[in-house]
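In UniProt numbering, the protein residues as written are 1 to 201.
Note that beta-carbon positions come from the ideal geometry of N, C-alpha and C, so glycine has one too.
No experiment lies behind these values; they were computed from the predicted model shown.
To keep things clear, I will list the structure first and then write my remarks on it.
Below you can see the structure in the form of structure tokens.
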């Protein structure tokens, strides 16, 4: 049996339920009429976006984005039909185009800030370097993939330095494979945890 068309005049879409296509059925559920069409949102100007979401703009302080923020704390806004980070939109509006291949680095280290005097174009590597220098990188037990704590790392290194255990035994005991255990013992990883001192016997 062929699909029946929607019972709304001039609609050729197949009926989904109660003789209506999905679109007209949804319109009735949401608005009470199959003919209700919401007007398309009028794109806001860059000035309006700034005025609505950053009402206070003291020159020497952070301009805190008051609109929606992502999980990292950065402002988000729909700009020219695309989701964009607010600090990029504000920078381009007030300063100019961001150079190709560059990111904006926050000198204030405050993700919701959109003050262009706190934003500086740079490379991804420079941005990561800023993060590490300021101590914001997730390292050690703060890293989401960490299987050990700093205390466990100190204990492992001390036990290995005493000579009572092999790296393979320690890897097995702490649920690691040989490579990460070897890197931990040599100080390649967990560099922020001091190495165990070998006591002379």
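**Study point:** residue 108, buried or exposed, once every other Cβ within 10 Å from all chains shown has been counted against 16
**Key:** In summary, residue 108 is exposed, with fewer than 16 beta-carbon neighbours lying within 10 Å of its beta-carbon over all protein chains present.
Check your understanding: CA-CA distance, residue 35 and residue 17?
Key -> Their Cα atoms are separated by approximately 17 Å.
Practice item. May I ask you to report which of helix, strand or coil DSSP gives residue 142? Key: Secondary structure at residue 142: helix, using DSSP grouped into helix, strand and coil.
Point to revise | the stretch 97–104 in contact with the stretch 121–130 per 3-pair CB rule at 8 Å | key: Inter-segment contact for the stretch 97–104 and the stretch 121–130 is present: three or more beta-carbon pairs are separated by less than 8 Å.
Review point. Does the stretch 23–38 touch the stretch 66–85, meaning 3 or more C-beta pairs lie closer than 8 Å?
Key: No, they do not touch.
Practice item. Just the C-alpha distance for residue 83 and residue 75, rounded to the nearest angstrom, thanks. Key: In this model, residue 83 and residue 75 are separated by some 10 Å (Cα to Cα).
Point to revise | From 30, 58, 12 and 89, residue whose alpha carbon lies closest to that of residue 50 | key: Checking every option, the nearest Cα to that of residue 50 belongs to 89.
Review point. For the alpha helix (DSSP H) that contains residue 170, what are its first and last residues?
Key: Per DSSP, the unbroken alpha helix (DSSP H) holding residue 170 starts and ends at 167–174.
Review point. Does the Cβ of residue 185 have 16 or more other Cβ atoms within 10 Å, making it buried, or fewer, making it exposed?
Key: By the neighbour-count rule (16 or more Cβ atoms within 10 Å), residue 185 is buried.
Practice item. Starting from residue 120, trace the beta strand (DSSP E) both ways and give me its first and last residue. Key: Membership of residue 120 in the beta strand (DSSP E) is indicated by the continuous run 119–122.
Review point. What are the boundary residues of the alpha helix (DSSP H) that residue 78 is part of?
Key: From DSSP, residue 78 is part of no alpha helix (DSSP H) but of the beta strand (DSSP E) over 76–79.
Practice item. Give, in chain order, every unbroken run of the beta strand (DSSP E) that is at least 3 residues long and sits entirely within the stretch 29–109. Key: The qualifying runs are 76–79, 82–85 and 103–106.
Exercise for review: Evaluate residue 23 with the Cβ neighbour count: other Cβ atoms within 10 Å of its Cβ, from every protein chain shown; 16 or more gives buried, anything less gives exposed.
Suggested key: Sixteen is the threshold: since fewer than 16 other Cβ atoms of the shown chains lie within 10 Å of the Cβ of residue 23, the residue is exposed.
Point to revise | Whether residue 147 touches residue 175 by CB criterion (8 Å) | key: Yes, the Cβ-Cβ distance between residue 147 and residue 175 is below 8 Å.
Exercise for review: Provide the residue(s) that pair with residue 5 in DSSP beta bridges, ordered along the chain.
Suggested key: Bridge partners of residue 5: 14.
Review point. So which of 121, 57 and 44 has the shortest CA-CA distance to residue 78?
Key: Comparing alpha-carbon positions, the option among 121, 57 and 44 lying closest to residue 78 turns out to be 44.
Check your understanding: Between the beta-carbon of residue 73 and the beta-carbon of residue 111, is there less than 8 Å?
Key -> Against a cut-off of 8 Å, the Cβ pair of residue 111 and residue 73 comes out as a contact.
Exercise for review: Could you check what DSSP says for residue 20 in three-state terms: helix, strand or coil?
Suggested key: Residue 20 carries a strand assignment under DSSP once its states are collapsed to helix, strand and coil.
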